[in-house]
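This report concerns only the one structure given below.
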Amino acid sequence: MRWLIEILKLINIKSCILIFTSMLITSTVLLTVLGYLQSLYNIYEVIAYPEVFREKPVVVVSSYALAPFTSLVSTDVLGNMLRDVQDVEYIFYQILVIAYINNSRAVIVRGIEAKDLKIIADYRIIDGRDIDGHCFYCIWVGKNIAEELNIHVGDVIVLSSPFLSIPLILRVSGIIDAGYPYNYELLSSISLAQSIRGVAKGYVSMAVVVFSSREDYLVFVERLGLDRDRMSLMERAIVALKYIGREIRPHVYEHMTEMLVSRLGLPRDIYILISFATAFIMSIGLYMIGQSIATMNSHNLEILYEQGVSSIKIKISLAIVLVIFIATSIKLSLITTKMLSNIISLTIVGYPLKVAISKDILLATSIYILFFTLIGLATVKIHGYREETI
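Have a look at this one:
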């Protein structure tokens, strides 16, 4: 191992600093972008799927819309679809609508029955009275919105909606702490949310159907004319009802965001191709970083080569340095990314976006950086004036 130590001694410190800094910047950018994309992709899943039912077979029935808060389906249609369906553990309706509170910011109003909220969210009332559906002009404010806008129980707020010609004046009946995403919403009765949305009774944004067994879940989706084999691969599904005249055609999606992207006319594959194109551009940078550790130390490496050290041993030594740099830069990038997430405040319709880095993303990013960096190193030729020996 003496040759390894000798090679490492000859690596220029300035080149190490430059290469490590480049890796740190690259890994930080990659993790930040991927983390925000993951958070953005999952945000509608969080809105639609109650956390308490994550382990159950769930079908969310909605309409073919650009967002959950623009969707509208008839409860009569939903009732006909669910008629004679066995072993439905739980079903509840909710209506989501975008509005402006006190002309200051956009917020989502979630209309939901009090009994349903008690099941899907482990909430507590910070101030005021418990949520109920008896008071039409009463509203409950999520904890984070209340803190941001300095709203208290008894305050009067003005809600304006794109679907109403005049704003609604409502009284705050309680401040509620129900976790994400409810702390960033206004909660009301379904009837009030329907008024804000500008629709009559009998229309909601979505129905969440929870099945007792997977077999009943498959029987239900099969009745809709959907492919049983495909649905058997999904733990949950979005069934979007598309109205063509008087005919209703169900379309199934595994993710809420997949439906929304499709609604824009861009299939998910387009975004995958864009991601690959971005990754290809980043790979060129990583490739050059891998080459630079050899080219920036080429003079010293050529001397070692002339002294009889093989190019394979030289590249192995440089690869060890790169692996150490990559592992360290990834760890520091995680810290840096979290700091940037706290500094850079990104929101979408009132919901904060935080960097969400899963273990899969972290592993894939590490392998990606390692692969293209080592490829760059492998392509460098160590020049000399003797025949190659190992």
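Counting from 405, one number per residue, gives the positions in the sequence shown under the working numbering.
No residue lacks a Cβ here, since even glycine has one placed at the ideal position from N, Cα and C.
These numbers were taken from a predicted model, which means no experiment stands behind them.
Under the three-state reduction of DSSP, which class applies to residue i: helix, strand or coil?
{"i": "Asp581", "result": "strand"}
{"i": "Val456", "result": "helix"}
{"i": "Phe424", "result": "helix"}
{"i": "Gly537", "result": "coil"}
{"i": "Val462", "result": "strand"}
{"i": "Leu668", "result": "Model confidence at Leu668 stands at a pLDDT of 46, short of 50, so the residue's coordinates are unreliable; what they give is reported in the following sentence. In the structure shown, Leu668 sits in coil (DSSP, three-state: anything other than H, G, I, E or B)."}
{"i": "Ser479", "result": "Reading off the sequence, residue 479 comes out as Thr, not Ser. Thr479 falls in the helix class under three-state DSSP."}
{"i": "Ser783", "result": "Checking the sequence, you will find Thr at residue 783 rather than Ser. Coil, per DSSP."}
{"i": "Ile761", "result": "coil"}
{"i": "Ser617", "result": "coil"}
{"i": "Met485", "result": "helix"}
{"i": "Ile752", "result": "strand"}
{"i": "Val608", "result": "strand"}
{"i": "Ile543", "result": "strand"}
{"i": "Ser593", "result": "coil"}
{"i": "Ile747", "result": "helix"}
{"i": "Gly532", "result": "strand"}
{"i": "Val433", "result": "helix"}
{"i": "Tyr789", "result": "Any reading at Tyr789 must be qualified, since the residue scores a pLDDT of 45, below 50, and its modelled position is unreliable; no value is offered."}
{"i": "Gly602", "result": "coil"}
Distance check for residue j and residue i, CA to CA, integer angstroms please.
{"i": "Ile561", "j": "His538", "result": "19 Å"}
{"i": "Pro571", "j": "Ala760", "result": "37 Å"}
{"i": "Trp544", "j": "Met485", "result": "32 Å"}
{"i": "Glu792", "j": "Met427", "result": "Only weak support exists for where Glu792 lies, its pLDDT of 47 falling under 50; the coordinates are left without a value."}
{"i": "Ala503", "j": "Ser593", "result": "15 Å"}
{"i": "Ser687", "j": "Val753", "result": "34 Å"}
{"i": "Ile747", "j": "Thr425", "result": "21 Å"}
{"i": "Thr682", "j": "Leu482", "result": "42 Å"}
{"i": "Pro756", "j": "Glu626", "result": "37 Å"}
{"i": "Val513", "j": "Ser737", "result": "37 Å"}
{"i": "Leu750", "j": "Ser443", "result": "11 Å"}
{"i": "Tyr497", "j": "Phe624", "result": "18 Å"}
In terms of alpha-carbon separation, which member of the options lies closest to residue i?
{"i": "Gly758", "options": "Cys420, Leu441, Leu428, Thr425", "result": "Note on identity: in this sequence residue 758 is Lys, with Gly being the wrong assignment. Nearest C-alpha to Lys758: Leu441."}
{"i": "Val464", "options": "Val614, Glu589, Ser702", "result": "Val614"}
{"i": "Leu476", "options": "Phe775, Lys605, Lys742, Gln695", "result": "Lys605"}
{"i": "Asn814", "options": "Ile579, Ile423, Ile786", "result": "Residue 814 falls outside the range modelled here, since the chain spans only 405 to 794, and no answer is possible."}
{"i": "Val612", "options": "Ala582, Gly583, Glu449", "result": "Glu449"}
{"i": "Ser431", "options": "Leu553, Thr741, Ser745, Tyr497", "result": "Thr741"}
{"i": "Tyr494", "options": "Ala597, Val462, Ser508, Phe729", "result": "Val462"}
{"i": "Leu563", "options": "Glu706, Ile728, Val437, Glu589", "result": "Glu589"}
{"i": "Met692", "options": "Arg514, Val784, Ala518, Thr436", "result": "Val784"}
{"i": "Ile549", "options": "Leu591, Ser609, Gly694", "result": "Leu591"}
{"i": "Ser478", "options": "Ile716, Val603, Leu435, Gly689", "result": "Val603"}
{"i": "Ile421", "options": "Ser745, Asn701, Phe775", "result": "Asn701"}
{"i": "Gly583", "options": "Ile524, Arg533, Phe624, Val576", "result": "Ile524"}
{"i": "Ser696", "options": "Ile505, Ser745, Ile423", "result": "Ile423"}
{"i": "Phe775", "options": "Glu706, Phe684, Ser617", "result": "Phe684"}
{"i": "Glu552", "options": "Glu517, Val511, Leu622, Ser569", "result": "Val511"}
{"i": "Arg601", "options": "Val576, Leu568, Ile451, Met743", "result": "Leu568"}
{"i": "Gly546", "options": "Ser609, Ser565, Ile573, Ile505", "result": "Ile505"}
### Message
Does the structure place the segment 768-781 close enough to the segment 699-714 that three or more beta carbon pairs sit under 8 Å?
### Response
no
### Inside the segment 545-579 only - beta strand (DSSP E) runs reaching at least 3 residues
560-564
### Continuous alpha helix (DSSP H) assignments of at least 4 residues falling wholly in the segment 492-524
518-524
### Task
For the segment 758-777 and the segment 449-461, state whether three or more C-beta atom pairs, one from each stretch, are separated by less than 8 Å.
no
### Task
Can you check the segment 670-738 for any alpha helix (DSSP H) of at least 4 residues that lies completely inside it and give the ranges in chain order?
672-699, 702-710
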